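Counting in full-length UniProt numbering, the sequence shown runs from 1 upward without gaps. Report on the following structure.
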Amino acid sequence: MNIIKVEDYEEMGLLAAEYVSKKIQDKPEMTLGLATGSTPKSTYKHLIEAQKKGTSFKHITTFNLDEYVGLKLNDPNSYHFYMNEFFFRHIDIPRENTHLPNGHSRNIGQECEEYDKKIKGHTIDLQILGIGANGHIGFNEPGTSFESNTHVVKLADSTRKANARFFSSLEEVPTHAITMGIASIMSSKEILLLVSGEAKSEALERLLSVEELNESFPASILKSHPHVTIIADKEALMGTGI
Ligand code: GLP
């Protein structure tokens with residue numbers, strides 16, 4: 001794993017955006033895997049800036065990692081809303097090239113199958129990833145099979161609490177989500193893991209020091225991926241000696 005240390009959240013976003021822009025310039029019709037949460041917001045902000053300087057998203061295809069179950073697509077807490085608000089509506093990507101699982105589908109099982117089929121019809125060239133404090137990737141909570149494809153997950157209490165900051169109360173945080181599986185994440189050609197802040201320092205330290213792949217710590221699987229780059233800020237790296 002290649003580790004790039006940066007000063008802070010803002011620099012992480014800038015560097016990540018430069019990294020992604022470069023990949024798009026090299027392969028304008030690439031498939032990009034996208035994440036949500038607080039971590040990639042500054043990356044999207046800088047990618048929007050990159051478009052002003054010539055990067056075009058016209059020919060890329062995107063697949064998002066996950067979506068809450070039960071939220072309408074226009075709910076301000078849905079990841080559909082997030083992606084539109086913070087990225088898609090500001091760039092020149094054709095809407096039909098963007099993909100997110102529909103957590104408001106009447107048949108969630110079928111939705112998972114269909115989303116999985118769509119992913120399998122492509123090869124994700126670069127997957128942007130965040131990490132949960134408990135080591136989750138996407139919404140693949142501890143205990144998820146490394147062989148998993150798109151599936152419904154029951155969110156860990158700690159994940160609901162961590163994400164409650166976006167909702168008016170903990171009760172409003174959905175209990176379930178659809179997530180791209182670990183096998184799908186691992187099938188991407190390259191992974192760009194973004195880590196920022198003290199709250200993630202334990203998870204990052206554990207990831208860097210873990211020797212055995214263990215489903216109780218989902219991110220450990222990244223150790224077996226051939227092409228992972230981590231951009232992490234000082235605070236996130238503080239327990240690692242890097
Ligand atoms: C969230 C998302 C993940 C994200 C992670 C970290 O719940 N489902 O895709 O990477 O947990 O979130 P944040 O960046 O807000 O800390």
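Just so you know, even glycine gets a beta-carbon here, dropped at the ideal spot from N, CA and C. No experiment lies behind these values; they were computed from the predicted model shown.
From the listed residues 93, 210, 114 and 69, the smallest Cα separation to residue 160 is found for 69.
Residue 90 sits in a helix when the DSSP states are folded into three classes. In its chain, beyond the 5 residues on either side, 66, 153, 155, 177 and 179 have a beta carbon closer than 7 Å to the beta carbon of residue 139. Per DSSP, the unbroken beta strand (DSSP E) holding residue 176 starts and ends at 176 to 179. Shown here, residue 46 sits in a helix according to DSSP, grouped into three states.
Counting the other Cβ atoms within 10 Å of the Cβ of residue 125 gives 16 or more, which makes it buried. In this chain, the beta strand (DSSP E) harbouring residue 67 covers 66 to 68. Under the three-state reduction of DSSP, residue 228 is assigned to strand. Bounds of the alpha helix (DSSP H) holding residue 118 are 108 to 120. The count of Cβ pairs closer than 8 Å, one atom from the segment 180 to 194 and one from the segment 127 to 142, reaches three, so the stretches are in contact. Between residue 219 and the set 232, 204 and 231, the nearest pair of CA atoms involves 204. In the structure shown, residue 81 adopts helical secondary structure according to DSSP, grouped into three states.
In this structure, the CA atom of residue 222 is about 23 Å from the CA atom of residue 61.
Taking residue 134 as reference, the option from 32, 27, 199 and 5 with the minimal CA-CA separation is 199. Counting along the chain, no beta strand (DSSP E) covers residue 208; the unbroken alpha helix (DSSP H) around it starts and ends at 201 to 209.
Linking residue 56 to residue 24 through their CA atoms gives a straight-line distance of about 8 Å.
Just so you know, the alpha carbons of residue 36 and residue 30 end up roughly 19 Å apart. Sequence-distant Cβ neighbours of residue 8 in its own chain, meaning closer than 6 Å and more than five residues away, are 233. Restricting attention to 147, 197 and 109, the CA atom closest to the CA of residue 183 is found in 147.
Not one heavy atom of ligand 1 lies closer than 6 Å to the C-beta of residue 14. In the structure shown, residue 149 adopts coil according to DSSP, grouped into three states.
Collapsing the DSSP output to three states places residue 197 in coil. Per DSSP, the continuous alpha helix (DSSP H) segment holding residue 23 begins and ends at 9 to 26.
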